[in-house]
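Residue numbers for the sequence shown follow this note's numbering, so the first one is 3 and each next one is one higher.
As C-alpha coordinates, the structure follows; a few thoughts come after it.
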Amino acid sequence: MRLPTHRAPTSPGEMLKEEFLEPFELTQAELSRRMRVTPRVVNEICQGKRAITPRTAILLSDVLGTQPDFWLHCRLKWDLWHEYKRMKRKIA
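What follows is the structure, given as C-alpha coordinates:
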(Lines of atoms letter the chains of each structure in order from A and count residues from 1; the text may use other names and numbers.)
(Lines give C-alpha, C1' and ligand atoms only; values in the text may rest on other atoms or scores of the structure.)
Protein backbone atom coordinates (compact mmCIF):
# COMPACT_ATOMS: atom_id res chain seq x y z
CA MET A 1 0.00 0.00 0.00
CA ARG A 2 1.47 3.33 -1.02
CA LEU A 3 0.88 6.26 1.26
CA PRO A 4 0.87 9.82 -0.03
CA THR A 5 3.92 11.71 1.15
CA HIS A 6 2.83 15.29 0.56
CA ARG A 7 -0.54 15.15 2.33
CA ALA A 8 -2.57 12.96 4.63
CA PRO A 9 -4.92 10.48 2.99
CA THR A 10 -8.58 11.40 3.04
CA SER A 11 -10.00 10.58 6.44
CA PRO A 12 -12.87 8.10 6.65
CA GLY A 13 -15.13 10.87 7.95
CA GLU A 14 -14.28 13.19 5.06
CA MET A 15 -14.81 10.33 2.63
CA LEU A 16 -18.20 9.59 4.15
CA LYS A 17 -19.31 13.23 4.02
CA GLU A 18 -17.92 14.21 0.62
CA GLU A 19 -18.40 11.03 -1.39
CA PHE A 20 -21.59 9.65 0.10
CA LEU A 21 -23.66 11.96 2.29
CA GLU A 22 -23.42 15.14 0.20
CA PRO A 23 -23.82 13.60 -3.29
CA PHE A 24 -26.77 11.46 -2.19
CA GLU A 25 -28.28 14.26 -0.09
CA LEU A 26 -28.25 11.93 2.89
CA THR A 27 -28.21 13.51 6.34
CA GLN A 28 -26.19 12.17 9.23
CA ALA A 29 -29.49 11.58 11.05
CA GLU A 30 -30.89 9.52 8.18
CA LEU A 31 -27.69 7.51 7.86
CA SER A 32 -27.67 6.79 11.58
CA ARG A 33 -31.31 5.68 11.40
CA ARG A 34 -30.56 3.30 8.52
CA MET A 35 -27.47 1.96 10.32
CA ARG A 36 -29.44 1.63 13.56
CA VAL A 37 -26.87 3.59 15.53
CA THR A 38 -27.20 6.85 17.40
CA PRO A 39 -26.73 10.10 15.46
CA ARG A 40 -23.72 10.76 17.69
CA VAL A 41 -21.90 7.73 16.21
CA VAL A 42 -22.21 9.04 12.65
CA ASN A 43 -21.39 12.59 13.70
CA GLU A 44 -18.24 11.49 15.50
CA ILE A 45 -17.12 9.47 12.47
CA CYS A 46 -17.67 12.51 10.24
CA GLN A 47 -15.68 14.70 12.64
CA GLY A 48 -12.82 12.20 12.89
CA LYS A 49 -13.49 11.59 16.57
CA ARG A 50 -14.54 7.95 16.18
CA ALA A 51 -12.71 5.19 14.34
CA ILE A 52 -14.23 2.92 11.75
CA THR A 53 -14.51 -0.49 13.39
CA PRO A 54 -15.28 -3.76 11.58
CA ARG A 55 -18.88 -3.48 12.83
CA THR A 56 -19.19 0.11 11.60
CA ALA A 57 -17.66 -0.86 8.25
CA ILE A 58 -20.28 -3.58 7.80
CA LEU A 59 -23.13 -1.25 8.74
CA LEU A 60 -21.89 1.49 6.40
CA SER A 61 -21.49 -1.03 3.60
CA ASP A 62 -24.99 -2.41 4.06
CA VAL A 63 -26.51 1.07 3.84
CA LEU A 64 -24.25 2.62 1.19
CA GLY A 65 -23.68 -0.37 -1.09
CA THR A 66 -19.93 -0.51 -0.55
CA GLN A 67 -17.67 -3.26 0.74
CA PRO A 68 -16.59 -3.33 4.40
CA ASP A 69 -12.93 -3.50 3.40
CA PHE A 70 -13.29 -0.15 1.61
CA TRP A 71 -13.95 1.55 4.98
CA LEU A 72 -11.35 -0.46 6.87
CA HIS A 73 -8.72 0.25 4.20
CA CYS A 74 -9.54 3.96 4.35
CA ARG A 75 -9.07 3.90 8.13
CA LEU A 76 -5.86 1.87 7.87
CA LYS A 77 -4.29 4.31 5.38
CA TRP A 78 -5.23 7.22 7.67
CA ASP A 79 -3.76 5.54 10.75
CA LEU A 80 -0.57 4.43 8.98
CA TRP A 81 0.13 7.87 7.55
CA HIS A 82 -0.26 9.56 10.91
CA GLU A 83 1.81 6.94 12.73
CA TYR A 84 4.54 7.16 10.09
CA LYS A 85 4.70 10.95 10.50
CA ARG A 86 4.75 10.63 14.30
CA MET A 87 7.58 8.08 14.20
CA LYS A 88 9.55 10.10 11.67
CA ARG A 89 9.43 13.14 14.00
CA LYS A 90 10.64 11.04 16.93
CA ILE A 91 13.60 9.68 14.97
CA ALA A 92 14.65 13.04 13.50
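Even glycine gets a Cβ: it sits at the ideal position worked out from N, Cα and C.
Going by the CB atoms, is the gap between residue j and residue i shorter than 8 Å?
i: Pro14; j: Trp83; result: no
i: Leu33; j: Val65; result: yes
i: Met37; j: Leu61; result: yes
i: Pro41; j: Ala59; result: no
Alpha carbons only, please: which of the options is nearest the one belonging to residue i?
i: Gln49; options: Pro70, Leu18, Gly67; result: Leu18
i: Phe72; options: Ile54, Thr40, Tyr86; result: Ile54
i: Lys51; options: Arg77, Glu21, Ser63, Arg9; result: Arg77
i: Thr12; options: His75, Thr29, Phe26, Thr68; result: His75
Please tell me whether residue i has its Cβ less than 8 Å away from any Cβ of chain C.
i: Gln69; result: In the structure shown, chain C cannot be found, because there is only a single protein chain.
Quick check on the DSSP output: the alpha helix (DSSP H) that includes residue i runs from which residue to which?
i: Thr58; result: 56-66
i: Glu27; result: No alpha helix (DSSP H) contains Glu27, which DSSP labels as neither H nor E.
i: Pro14; result: 14-18
i: Arg42; result: 41-48
List the whole-angstrom C-beta distance separating residue i from residue j, where the pair is believed to meet the contact cut-off of C-beta under 8 Å.
i: Gln30; j: Val44; result: 5 Å
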